[in-house]
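In the UniProt record's numbering, the protein residues as written are 1 to 719. Below is one structure, written out as structure tokens; comments come after it.
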Amino acid sequence: MAPVPVPIPLFADAQRKLLQKEHEAEKLSSALATSSTNTVSPSTRRTLQATGYALTGIDLEQCRTGMGGRIVGEFSPDAAFTSTEATADGDGAPRFGAHGIRVGDVVRVLEISSGRKSGKSGKEAGGNKSTSSDGAEGVVTKISEKALSVAFGQTGGGANAKAEEESLDELWGKKLWLVKLANDVTHRRLNQTMEKMEKMSETDHTYFMRVLFGHATPSSPNYDAIGPVDFIDPTLNDSQKEAIRFALASKEVALIHGPPGTGKTHTLIELILQLTRRNMRILVCGPSNVSVDNIVERLTPHKVPIVRVGHPARLLPSVLDHSLEVLTQTSEAAEIVRDVRKEIDEKQASIRKTRNGRERRAIYGDLKELRKEFRERESRCVESLVAGSKVVLATLHGAGSHQLKNQKFDIVIIDEASQALEAQCWIPLLHASRAVLAGDHLQLPPTIKSADIEAKKKLNRTKAQETENDSSSTSLKGIKLEITMFDRLLTLHGPSIKRMLTTQYRMHEKIMKFPSDELYEGKLIAADFVKDRLLKDLPYDVEETDDTKEPLIFIDTQGGDFSEKAEDEDITIKGGLLSESKSNEMEAKLAVNHVESLIDAGVRPDDIAVVTPYNAQVALIAQYLKEKYPSIEIGSVDGFQGREKEAIVVSLVRSNGKREVGFLGEKRRLNVAMTRPKRHLCVCGDSETISKGSKFLKNWMDFLEEHADLRYPDASELL
1 MAPVPVPIPL
11 FADAQRKLLQ
21 KEHEAEKLSS
31 ALATSSTNTV
41 SPSTRRTLQA
51 TGYALTGIDL
61 EQCRTGMGGR
71 IVGEFSPDAA
81 FTSTEATADG
91 DGAPRFGAHG
101 IRVGDVVRVL
111 EISSGRKSGK
121 SGKEAGGNKS
131 TSSDGAEGVV
141 TKISEKALSV
151 AFGQTGGGAN
161 AKAEEESLDE
171 LWGKKLWLVK
181 LANDVTHRRL
191 NQTMEKMEKM
201 SETDHTYFMR
211 VLFGHATPSS
221 PNYDAIGPVD
231 FIDPTLNDSQ
241 KEAIRFALAS
251 KEVALIHGPP
261 GTGKTHTLIE
271 LILQLTRRNM
281 RILVCGPSNV
291 SVDNIVERLT
301 PHKVPIVRVG
311 HPARLLPSVL
321 DHSLEVLTQT
331 SEAAEIVRDV
341 RKEIDEKQAS
351 IRKTRNGRER
361 RAIYGDLKEL
371 RKEFRERESR
381 CVESLVAGSK
391 VVLATLHGAG
401 SHQLKNQKFD
411 IVIIDEASQA
421 LEAQCWIPLL
431 HASRAVLAGD
441 HLQLPPTIKS
451 ADIEAKKKLN
461 RTKAQETEND
471 SSSTSLKGIK
481 LEITMFDRLL
491 TLHGPSIKRM
501 LTTQYRMHEK
511 IMKFPSDELY
521 EGKLIAADFV
531 KDRLLKDLPY
541 DVEETDDTKE
551 PLIFIDTQGG
561 DFSEKAEDED
571 ITIKGGLLSE
581 SKSNEMEAKL
591 AVNHVESLID
601 AGVRPDDIAV
611 VTPYNAQVAL
621 IAQYLKEKYP
631 SIEIGSVDGF
641 QGREKEAIVV
651 SLVRSNGKRE
661 VGFLGEKRRL
671 NVAMTRPKRH
681 LCVCGDSETI
691 SKGSKFLKNW
701 MDFLEEHADL
711 RYPDASELL
């Protein structure tokens with residue numbers, strides 16, 4: 001049966017409701033849903049710091065002016081709060097103790113005092129709503145052992161941003177702490193986009209939108225219009241060239257399907273360069289800053305005028321020279337803002353030199369006017385920089401920023417589209433008439449926290465309750481956050497709108513074969529220089545052993561001596577979601593032993609990774625390996641998507657009498673696990689349990705039994 005076109009208002013309404021549930025789930029799991037952080041007790045502050053959500057005992061040292069006239073505050077550890085271990089390196093300067101605050105986190109800085117006292121100081125400051133009682137909210141831009149910088153007024157914008165800047169002045173000379181917050185900005189932007197789509201009339205729906213929702217048929221690719229393509233990169237293979245021609249010739253939408261290691265980003269770079277040759281203006285987006293920065297790095301050598309839009313705290317250092325933050329200070333257009341920036345900094349410094357209330361208020365008034373002038377001048381500078389760029393790059397969320405509000409583009413390219421929420425994609429696409437989406441819908445989609453909660457609720461729900469729930473949410477049927485735009489368009493229009501890249505440059509042929517046959521229609525071909533390479537052939541001295549000469553090893557733990565155990569992951573914050581994880585201690589020891597045998601043979605620890613589907617197993621393996629080999633990577637399968645290593649050890653964990661495999665049955669998750677290695681894949685698992693999980697898992701176990709170096713461990717040797 002042919003897919004039914006989706007009514008656009010119904011889709012937007014359903015997405016908005018689902019996004020709200022997801023936002024609530026995120027806030028619940030972060031344990032930072034409360035806004036009353038000013039009333040937090042000392043013991044709760046300590047707990048928040050111990051669990052990575054806060055930093056207690058800091059002082060405001062200095063301020064400077066950042067982009068948009070915002071204040072960047074630099075904080076240092078207060079010696080009175082600093083542990084002796086933190087200052088033990090000999091120079092006597094206080095250092096931060098252990099904490100979990102990272103660059104890019106949204107934080108609130110508050111005075112360490114009672115709510116009543118803070119409220120009083122707020123009134124004395126003039127009754128501003130965002131005084132020290134509420135703290136000042138900003139984004140962490142830089143962290144070192146001795147200092148931490150936060151850009152204030154960057155998270156909300158408008159009048160609220162100004163209030164946050166001014167509230168910072170009330171924190172001078174006070175004992176402070178900061179707490180990590182759930183980021184509401186992304187949710188607000190997604191919600192606004194869906195509301196806009198919901199309110200559109202049929203006459204507002206462009207042909208492009210009608211195609212994307214199945215109300216119109218995509219136009220046939222017009223190869224005659226593009227003519228012969230003179231490819232810039234001589235190393236492109238035939239499938240990459242065809243994908244580029246197809247994207248150039250497609251009038252509304254083209255999907256580029258890039259299985260693991262097939263050079264998807266490589267292909268997109270060539271496509272962008274071909275589009276610029278045709279005098280097209282391009283907006284390039286991705287769901288994460290890393291996905292966008294990766295493209296910036298690869299475009300840079302081609303000397304194309306590019307601008308990276310986004311908060312500098314979240315960008316890779318290698319792309320900062322192309323960011324608006326840096327360009328507004330270094331480009332010719334930046335001259336118009338430099339003198340005002342200097343004057344703001346001088347005024348800011350003068351506040352701390354006077355205790356006279358009238359003088360301080362006068363300075364605040366001057367600062368307000370200077371910041372207004374700064375924003376106006378900087379806005380003109382930004383507009384000039386963005387308008388002068390052939391290629392503008394931003395995250396999907398960042399594409400909705402004010403810097404791009406009035407900008408027009410000929411085409412939108414979305415990388416990693418199969419890892420993005422569809423609502424995110426509509427932020428740049430709502431004003432587009434043409435798009436190219438690149439990704440792999442056979443790897444993991446975006447993580448949906450609310451779906452996990454719903455699944456757990458369903459286990460406890462009676463049939464009558466399920467029926468009642470289903471009848472009350474008919475508008476949501478068939479529309480789920482897990483279904484990406486890439487997935488939906490393939491279902492809607494079929495393979496005619498897609499081209500697949502087929503030559504892979506990552507894996508040994510034997511590692512590649514199973515995912516190729518099971519998921520990619522047997523179409524993947526290993527490039528000549530990767531198809532036979534082994535660990536023993538690494539460009540440094542590695543001994544030839546039973547491990548280093550094998551590309552594929554299966555350590556089969558069948559027999560019941562390697563049983564899993566369930567455990568509650570550590571939840572120390574009240575209100576956090578209780579999440580059951582699995583671990584398997586004996587299997588963890590097997591994985592550790594295999595890693596050590598590779599290292600003993602000469603393989604460098606930083607060329608090895610251990611991946612597993614369960615966080616409890618990650619923690620267990622890390623206990624054995626991290627201290628001895630700090631450069632080895634140990635992580636979840638979900639967190640390793642898009643990555644690669646010379647050698648990967650996979651611990652499957654599940655081993656039980658009921659033959660239950662849980663979310664291991666998701667073939668996209670296993671696809672990620674088995675396609676990360678270049679030269680060596682070692683799988684540790686119980687074939688009796690795993691093979692009962694699904695047809696895909698049974699086929700995998702059969703394949704490993706036939707094609708891998710099969711080993712049966714002795715549990716008594718691990719005790």
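Cβ atoms here follow ideal geometry from the backbone N, Cα and C, with glycine treated the same way.
On the premise that N656 lies in contact with E587, defined as a C-beta separation below 8 Å, what is that separation, rounded to the nearest angstrom? As a working mapping, residue 587 is identified with position 587 in the sequence shown. As a working mapping, residue 656 is identified with position 656 in the sequence shown. With 8 Å as the limit, E587 and N656 do not qualify as a contact, their Cβ atoms being about 12 Å apart.
Whose C-alpha, out of F208, V672, P218, V107, is nearest the C-alpha of L168? Along the sequence shown, one-based indexing puts residue 168 at 168. It is V107 whose Cα lies nearest to the Cα of L168.
Tell me, please, whether the segment 217-230 touches the segment 9-26 by the rule of three or more beta-carbon pairs shorter than 8 Å. Counting Cβ pairs under 8 Å, fewer than three are found: no touch.
Tell me whether the segment 442-453 and the segment 301-318 touch, counting them as touching only if at least three CB pairs, one residue from each stretch, are closer than 8 Å. no
List the endpoints of the continuous beta strand (DSSP E) containing L430. For the purposes of this step, residue 430 is taken as the residue at position 430 of the sequence shown. Premise fails: L430 is in no beta strand (DSSP E) and is neither H nor E.
Give me the residue from Q274, Q329, L718, V392 with the minimum Cα distance to V296. Stepping through the sequence shown from its first residue, residue 296 is reached at position 296. It is V392 whose Cα lies nearest to the Cα of V296.
Please return the same chain residues whose Cβ sits closer than 8 Å to the Cβ of A451, not counting the five positions on each side in sequence. Taking the sequence shown and counting its residues from 1, the one referred to as residue 451 is at position 451. Once the five neighbours on either side are set aside, the close Cβ partners of A451 are K480, L481, E482.
By how many angstroms is the C-alpha of P7 removed from the C-alpha of D13? Your numbering for residue 13 matches position 13 in the sequence shown. Your numbering for residue 7 matches position 7 in the sequence shown. Answer to the nearest angstrom: the Cα atoms are 10 Å apart.
Quick check on this structure: which residue in D293, L283, D440 has the alpha carbon closest to the alpha carbon of V412? Position 412 of the sequence shown, counted from the first residue, corresponds to residue 412. With distances taken between Cα atoms, V412 lies closest to L283.
Comparing alpha-carbon positions, which option in A249, L370, D204, E666 lies nearest L275? Taking the first residue of the sequence shown as 1, we reach residue 275 at position 275. Selected option, being the one with the closest Cα: A249.
Determine the closest residue to N183 out of V140, A609, A93, with distance taken between C-alpha atoms. Here residue 183 refers to the residue found at position 183 when the sequence shown is read from its first residue. For the residues V140, A609, A93, the minimum Cα distance to N183 belongs to V140.
Looking at C-alpha atoms only, which residue of D607, P42, P613 is the closest neighbour of G635? By 1-based counting over the sequence shown, the position of residue 635 is 635. Checked all of D607, P42, P613; the closest Cα to G635 is P613.
Name the two residues that bound the continuous alpha helix (DSSP H) containing H594. Here residue 594 is taken as the residue at index 594 of the sequence shown, counted from 1. 585-600 is the span of the alpha helix (DSSP H), which, as asked, contains H594.
Looking only at DSSP bridge pairs, what is P77 linked to? As a position in the sequence shown, residue 77 is number 77, starting the count at 1. According to DSSP, P77 shares a beta bridge with I58.
Using the Cα positions of S516 and M485, report the straight-line distance between them to the nearest angstrom. On the sequence shown, position 516 is the one that residue 516 refers to. On the sequence shown, position 485 is the one that residue 485 refers to. Using only the alpha carbons, I get a separation of about 23 Å.
Assumed close pair G73, L60 - CB separation to whole angstroms, cut-off 8 Å: Here residue 73 is taken as the residue at index 73 of the sequence shown, counted from 1. Here residue 60 is taken as the residue at index 60 of the sequence shown, counted from 1. Right, their Cβ atoms sit about 6 Å apart.
For T675, is the classification buried or exposed, using 16 other Cβ atoms within 10 angstroms of its Cβ as the cut-off for buried? Walking along the sequence shown from the start, residue 675 turns up at place 675. It is buried - the Cβ of T675 has at least 16 other Cβ atoms within 10 Å.
Through-space distance from V649 to I414, alpha-carbon basis: The residue labelled residue 414 in the question sits at position 414 within the sequence shown. The residue labelled residue 649 in the question sits at position 649 within the sequence shown. Using only the alpha carbons, I get a separation of about 32 Å.
Is the beta carbon of N671 sitting closer than 7 Å to the one on Q504? Taking the sequence shown and counting its residues from 1, the one referred to as residue 671 is at position 671. Taking the sequence shown and counting its residues from 1, the one referred to as residue 504 is at position 504. No. Outside cutoff.
Three Cβ pairs or more, each shorter than 8 Å: is that satisfied between the segment 250-261 and the segment 207-215? yes
Please classify N289: is it buried, with 16 or more other beta-carbons within 10 angstroms of its beta-carbon, or exposed? The residue labelled residue 289 in the question sits at position 289 within the sequence shown. Flag for N289 reads buried.
Top-ranked residue by Cα proximity to K180, from L110, T193, Q192, G478: Position 180 of the sequence shown, counted from the start, is the residue given in the question as residue 180. Checked all of L110, T193, Q192, G478; the closest Cα to K180 is L110.
Can you name the start and end residues of the beta strand (DSSP E) that I143 belongs to? As a working mapping, residue 143 is identified with position 143 in the sequence shown. Its beta strand (DSSP E) spans residues 136-143.
Less than 7 Å separating the beta-carbons of D561 and A715? Translated into the one-based positions of the sequence shown, residue 561 becomes position 561. Translated into the one-based positions of the sequence shown, residue 715 becomes position 715. Against a cut-off of 7 Å, the Cβ pair of A715 and D561 comes out as a contact.
Which partner residues does A435 have in the DSSP bridge list? Stepping through the sequence shown from its first residue, residue 435 is reached at position 435. V253, V412, per the DSSP bridge assignment.
Pull the bridge partners of L710 from the DSSP assignment, please. Here residue 710 refers to the residue found at position 710 of the sequence shown. Answer is F554, bridged to L710.
Are the segment 659-668 and the segment 623-631 in contact at 8 Å, needing three or more beta carbon pairs? no
Quick check: what's the CA-CA separation for S43 versus K175? On the sequence shown, residue 43 is found 43 positions in, with the first residue counted as 1. On the sequence shown, residue 175 is found 175 positions in, with the first residue counted as 1. Each residue's alpha carbon lies about 16 Å from the other.
H402 burial status per 10 Å Cβ neighbour count (16 or more: buried): Within the sequence shown, numbered from 1, the residue matching residue 402 stands at position 402. Exposed is the call here.
Counterpart residues of F152 in DSSP-defined beta bridges: Against the sequence shown, residue 152 aligns to sequence position 152. F152 is bridged by DSSP to G138.
For T217 and L492, what's the separation of their Cα atoms in angstroms? As a position in the sequence shown, residue 217 is number 217, starting the count at 1. As a position in the sequence shown, residue 492 is number 492, starting the count at 1. Rounded to whole angstroms, T217 to L492 spans 10 Å at the Cα level.
Per DSSP, which residues does Q504 bridge with? Please list them. Along the sequence shown, read from residue 1 onward, the residue named residue 504 stands at position 504. DSSP, once it has assigned bridges, lists A526 as partnering Q504.
Measuring only the C-alpha atoms, how far is E544 from D528? Within the sequence shown, residue 544 is the residue found at index 544, counting from 1. Within the sequence shown, residue 528 is the residue found at index 528, counting from 1. Distance from the CA of E544 to the CA of D528, rounded to the nearest whole angstrom, comes to 22 Å.
Buried/exposed call for G494, threshold 16 Cβ in 10 Å: By one-based count along the sequence shown, residue 494 stands at place 494. Classification of G494: exposed, given that the 10 Å Cβ count is below 16.
Report the CB separation of L501 from H257 in whole angstroms; it is logged as a contact under 8 Å. Working through the sequence shown from its first residue, we reach residue 501 at position 501. Working through the sequence shown from its first residue, we reach residue 257 at position 257. Between H257 and L501 the Cβ distance is about 7 Å, and since that is below 8 Å, they are a contact.
Assign T84 to buried or exposed, taking buried as 16 or more other Cβ atoms, counted over all protein chains shown, within 10 Å of its Cβ. Here the question's residue 84 lines up with position 84 in the sequence shown. Because T84 sits at a pLDDT of 42, beneath the cut-off of 50, its placement in the model cannot be relied upon, and the point is left open.
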